[in-house]
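Participant:
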Amino acid sequence: MPSVENILEDFGVLLYLFVAIGLAGTGFWIWMIVDLMKREIPDKILWIILVIFAGFIGALIYFFTGRNKYPIKPTSL
2 MPSVENILED FGVLLYLFVA IGLAGTGFWI WMIVDLMKRE IPDKILWIIL VIFAGFIGAL
62 IYFFTGRNKY PIKPTSL
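FYI, in the numbering used here the residues of the sequence shown are 2 to 78.
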């Protein structure tokens, strides 16, 4: 039978794992929003709504389907 210390130790490891996955997902989501703002996309508002309201799944959809279709806006100095 597992002891209370082992259960708490396993819970701590899982907690760190979930926090790390959550932070990585949030970072990816923010990266996709910033990338979306930098590109010349005709239906940009629809992509923004999708990525913001669908969260990580919306960011994945944009990453695999819409990201490479449109060029990045040229920056002026």
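For every residue, glycine included, the Cβ atom is placed at its ideal position computed from N, Cα and C.
Note that the structure is predicted; figures quoted are calculated from it, not measured.
Who pairs with Arg-40 in a beta bridge, going by DSSP?
Facilitator: Ile-73
Participant: Checking contacts by CB at 7 Å: is Asn-7 closer than that to chain C?
Facilitator: Among the chains in the structure shown there is no chain C, since it carries only a single protein chain.
Participant: Are the CB atoms of Lys-70 and Lys-39 within a distance shorter than 7 Å?
Facilitator: Contact flag unset, no.
Participant: Under DSSP, the alpha helix (DSSP H) around Gly-56 begins and ends at which residues?
Facilitator: 45-62
Participant: Report the residue from Leu-47, Gly-67, Thr-66 and Gly-23 whose alpha carbon sits nearest the alpha carbon of Phe-57.
Facilitator: Gly-23
Participant: Comparing C-alpha positions only, which one of Ser-77, Glu-10 and Val-35 sits nearest to Tyr-63?
Facilitator: Among Ser-77, Glu-10 and Val-35, the Cα nearest to that of Tyr-63 is on Val-35.
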